[in-house]
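S.K.: If you count by numbering that gives the first Met the number 0, then the sequence shown holds residues 0 to 384, one letter each, in order.
Note that CB positions come from ideal geometry on N, CA and C, so glycine has one too.
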Amino acid sequence: MSAALAVTALLLTAGCSSDGGGGSPDNGTSASSGDSGTATGASPSAQAAEQPPPAKGTVKVLRTVTTGLKTPWGLAPLPGGDLLVSSRDDGTITRITEKTGKKTELGNVSGVSPAGEGGLLGIALSPDYASDHMIYAYFTSDSDNRIVRMLYDEKKPAGEQLGAPDTVFKGIPKGYIHNGGRIAFGPDGMLYAGTGESGQRGLAQDKKSLGGKILRLTPEGDPAPGNPFPNSPVYTYGHRNVQGLAWDSKQRLFASEFGQDTWDELNAIKPGDDYGWPNAEGKSSDPKYHNPIAQWHTDDASPSGIAYAEGSIWMAGLKGQRLWRIPLDGTKASAAPQAFLTGEYGRLRTVVSADGGKLWLVTSNTDGRGTPKSGDDRILELQVT
0 MSAALAVTAL LLTAGCSSDG GGGSPDNGTS ASSGDSGTAT GASPSAQAAE
50 QPPPAKGTVK VLRTVTTGLK TPWGLAPLPG GDLLVSSRDD GTITRITEKT
100 GKKTELGNVS GVSPAGEGGL LGIALSPDYA SDHMIYAYFT SDSDNRIVRM
150 LYDEKKPAGE QLGAPDTVFK GIPKGYIHNG GRIAFGPDGM LYAGTGESGQ
200 RGLAQDKKSL GGKILRLTPE GDPAPGNPFP NSPVYTYGHR NVQGLAWDSK
250 QRLFASEFGQ DTWDELNAIK PGDDYGWPNA EGKSSDPKYH NPIAQWHTDD
300 ASPSGIAYAE GSIWMAGLKG QRLWRIPLDG TKASAAPQAF LTGEYGRLRT
350 VVSADGGKLW LVTSNTDGRG TPKSGDDRIL ELQVT
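Okay, structure coming up:
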């Protein structure tokens, strides 16, 4: 991004404050997505062109898919179009019939211990879902944050369709705040997880800790081949609280991150890099830290889920109560971020790309920080350019 454009972006976005700062809870409490698969969810037009998209885009709300959700967090589209959504506080996974909005509870995920920003967070489908019918989930237990996988058996009665959790990976630090929680399978078939430093800042810079990191694992939970640090699941470090993961049409990874009191971030992810926390928040003059491609005051963003569609990253804002569009030119922002839906649907938790330049958007007004209204929370279908 040019210096002039960076200044423009700062002026346009000045005025936000992230997750509530210092030791206070994330303004956005965690979440993502069912970002599972956002890596490959780009529309054909985005995949075909590496040319930057127009500086200004559009968002049209096509419909409300369903309402009446409680603390929704992760979203995973099923083959055929239906949606799975996780409830942070109830520890349940529910299937939403995409055409009618009907809700069918699959069952409870055993072992979930919700408190503060912790609970049942991100969900993702196995890369081999068509044959193994496995759902992966990131959740807070009594002792840690962990990733499990469960068999989904549609033939069983509603409420009994989830098999017992098989722990794939454990030992991620837990806290009342900063639990991370987004999981997604990348274009390489590996499992990526965004973690938080659980309020213990020093963990982010400790490469031996799993807190304040992006992790890269095999589907079985082992450190993925080609990771930057030998025999380690750590992919990048120096993060405060990562809750959004998405890949563009060229298989480049991006992540959203809660700041403390000053700057929230959207980062282009490079294996092995240090993203600065707690020594740097937002852009830094120190060359050893990887600077964000865009930043926001925490009141304007507090970002959770992100998705890629139509040449842009789309970022859901919790405290900011808006959907941000960040047009890309490679791994840089090609124009100033643009806000949509400001204040119209309250706190926004998760965004997932769909076919044809569409997005699924999940609100988060029942997470203890929003102002629930009758019928909230909901899933919306959007058309974007």
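Would you grab the beta carbon distance between H289 and K269 for me? Rounded to a whole angstrom, and I think it's under 8 Å.
M.R.: 6 Å
S.K.: Distance, Cα to Cα, G185 vs R215?
M.R.: 9 Å
S.K.: Beta-carbon separation of N385 and E256 under 8 Å?
M.R.: In the structure as shown, the chain begins at 0 and stops at 384. Residue 385 is therefore absent and cannot be evaluated.
S.K.: Tell me which residues share the same chain as F228 and place their Cβ nearer than 8 Å to its Cβ, disregarding the 5 neighbours each side in the sequence.
M.R.: For F228, where only same-chain residues beyond five positions count, the Cβ hits under 8 Å are K206 and G271.
S.K.: Do you know how far the Cα of G179 is from the Cα of G115?
M.R.: 12 Å
S.K.: Using DSSP with H/G/I as helix, E/B as strand and the rest coil, what is A136?
M.R.: In this structure, A136 counts as strand in the three-state DSSP scheme.
S.K.: Based on the DSSP secondary-structure assignment, which residues constitute the bridge partners of W276?
M.R.: Note: W276 sits in no beta bridge, so no partner.
S.K.: State the CB to CB distance for the pair V361 and I378, rounded to an integer number of angstroms; the pair is presumed to be in contact (CB under 8 Å).
M.R.: 5 Å
S.K.: Work out the CA separation of S142 and D260 for me, nearest whole Å.
M.R.: 28 Å
S.K.: Count Cβ pairs between the region 333 to 347 and the region 65 to 73 that sit closer than 8 Å; are there 3 or more?
M.R.: no
S.K.: How many angstroms separate the CA atom of G243 from the CA atom of S311?
M.R.: 14 Å
S.K.: Have a look at Q337, A136, M314 and I176 and flag the residue whose alpha-carbon is nearest the alpha-carbon of A163.
M.R.: Measuring from the Cα of A163, the nearest candidate turns out to be A136.
S.K.: Are the Cβ atoms of W246 and W295 separated by less than 8 Å?
M.R.: no
S.K.: Which of the three DSSP states is assigned to P51 in this structure?
M.R.: In the structure shown, P51 sits in coil (DSSP, three-state: anything other than H, G, I, E or B).
S.K.: Can you tell which of E153, S125, G193 and R94 has its C-alpha closest to the C-alpha of F138?
M.R.: G193
S.K.: Per DSSP, which one or two residues make a beta bridge with N107?
M.R.: T91
S.K.: Is G36 helix, strand or coil by DSSP?
M.R.: For G36, the predicted structure reports a pLDDT of 35, less than 50, and the residue's modelled location is therefore unreliable. The matter cannot be settled from this model.
S.K.: Assuming W323 and A300 form a contact by the criterion Cβ under 8 Å, report the distance between their Cβ atoms to the nearest whole angstrom.
M.R.: Yes, they are in contact, since the Cβ atoms of W323 and A300 sit about 7 Å apart, within 8 Å.
S.K.: Give every residue of the same chain whose Cβ lies closer than 6 Å to the Cβ of M386, excluding the five residues on either side of it in the sequence, and list them in chain order.
M.R.: As displayed, the chain neither begins before 0 nor continues past 384, which places residue 386 out of reach and without an answer.
S.K.: With a threshold of 7 Å on Cβ separation, who are the neighbours of T370 within its own chain once the five nearest residues in sequence on each side are excluded?
M.R.: G345 and N364
S.K.: Ends of the alpha helix (DSSP H) at D131?
M.R.: If you look at D131, you'll find it in the alpha helix (DSSP H) that goes Y128 to D131.
S.K.: Compute the distance between the beta-carbons of P76 and E309, then report whether it is under 8 Å.
M.R.: No, Cβ-Cβ distance for P76 and E309 is not below 8 Å.
S.K.: Just to confirm, is the Cβ distance from A397 to I325 under 8 Å?
M.R.: The requested residue 397 is not part of the displayed model; the chain covers only 0 to 384.
S.K.: Alpha carbon to alpha carbon, how far is G211 from G281? Give it in angstroms, no decimals.
M.R.: 15 Å
S.K.: Per DSSP, what kind of secondary structure is D328 in: helix, strand or coil?
M.R.: strand
S.K.: Could you check which residue in R62, N144, V58 and L120 has the C-alpha nearest to that of V84?
M.R.: L120
S.K.: Residues in the same chain with beta-carbon distance under 7 Å from A267, minus the five sequence neighbours each way, listed in chain order, please.
M.R.: R251, F253, I292 and T330
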